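Residue numbers (numbering that gives the first Met the number 0): 0 to 202.
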Amino acid sequence: MVGNHKIKDLPFKYDDLNGISEQVNKWHHDTHYAGYVNKRNEVELELEKVDKSKSNVNWSLFRALKDRETFNANGQILHEIYWDVLGGNGEMDENLEIAKKIKSDFGSIEKWREDFIASAKAAIGWSVLALDLSDGKLKHFIGDAHNQGGVWGAIPIIAMDMYEHAYYHDYGPDRAKYIEAYLKNIDWKKVNQRYKKLTKLIL
Ligand code: FE
């Protein structure tokens, strides 16, 4: 059934995070994220009735809807992943499978962290730690819009929101401080569960 995506609750209380405020979580979840879910539903319903015979690469209602379909679908999916791994204290048990995989693919946890921060700083929209199925490796990919920069067949493990709405109220232009705050809230057991669940499904 199309047009029936549900707004999921945050997996923690609005005021539960360290360094990411209740106000930012409220705006982010209730306005931005909810807006993507609602628009995704609206676009899907419009696509049911649009005249496909008028599809055109320059401009057509069908093209506009197909563009917004991916924008809002990824807006929903990436935000759910963004919050899904939070609620911890950022400390990584190096015996977790995800920690071993990070070490093997990036060389060390320190090198991964350096790449995570550099990638997030370079992103206007998203920086995503993903498992690339084309070679089985973990990598950071960046995108400047929800529907740009994704790599087909790469499964997101951590999605870092670098849009200004995610940090400006708390940190102004200090993107590095916000990245530090996000890292400090990661629950690595949840990241590990996500990694194990996904690899079970696909490998
Ligand atoms: Fe966001």
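No residue lacks a Cβ here, since even glycine has one placed at the ideal position from N, Cα and C.
Computed from a prediction, not measured in an experiment: that's the story for all the values here.
Would you check whether ligand 1 has a heavy atom nearer than 7 Å to the C-beta of residue i?
{"i": "H78", "result": "yes"}
{"i": "A33", "result": "no"}
{"i": "H168", "result": "no"}
{"i": "H164", "result": "yes"}
{"i": "H27", "result": "yes"}
{"i": "D160", "result": "yes"}
For residue i, name the three-state secondary structure that DSSP assigns.
{"i": "G149", "result": "coil"}
{"i": "D104", "result": "helix"}
{"i": "W125", "result": "strand"}
{"i": "I156", "result": "strand"}
{"i": "G87", "result": "coil"}
{"i": "K99", "result": "helix"}
{"i": "K7", "result": "coil"}
{"i": "G171", "result": "coil"}
Consider the Cβ of residue i: report whether some Cβ of chain D lies at a distance smaller than 8 Å.
{"i": "E21", "result": "No chain D appears in this structure, which consists of one protein chain only."}
When the Cα of residue i is compared with those of the options, which residue comes out closest?
{"i": "G124", "options": "K189, E163, L64 and E43", "result": "E163"}
{"i": "Q22", "options": "Y167, L64 and G148", "result": "Y167"}
{"i": "K5", "options": "D14, M159 and N40", "result": "N40"}
{"i": "G148", "options": "N3, A129 and L200", "result": "A129"}
{"i": "W187", "options": "K138, M91 and D14", "result": "M91"}
{"i": "D104", "options": "G86, G135 and S126", "result": "G135"}
{"i": "R174", "options": "G106, N184, H78 and I116", "result": "I116"}
(message) Does the structure place the region 131-149 close enough to the region 176-184 that three or more beta carbon pairs sit under 8 Å?
(response) Output reads no: the region 131-149 does not touch the region 176-184.
(request) Please confirm if the region 113-122 is in contact with the region 94-104, defined as three or more CB-CB distances below 8 Å between the two stretches. (result) The region 113-122 makes no contact with the region 94-104: fewer than 3 CB pairs, one atom from each, lie closer than 8 Å.
(request) Inspect the CB distances between the region 51-62 and the region 145-157 and report whether three or more fall short of 8 Å. (result) The answer is no - the region 145-157 does not touch the region 51-62, with fewer than three Cβ pairs under 8 Å.
(message) Quick test of the definition: if touching needs 3 or more C-beta pairs under 8 Å, does the region 28-41 touch the region 72-87?
(response) The answer is yes - the region 72-87 touches the region 28-41, with three or more Cβ pairs under 8 Å.
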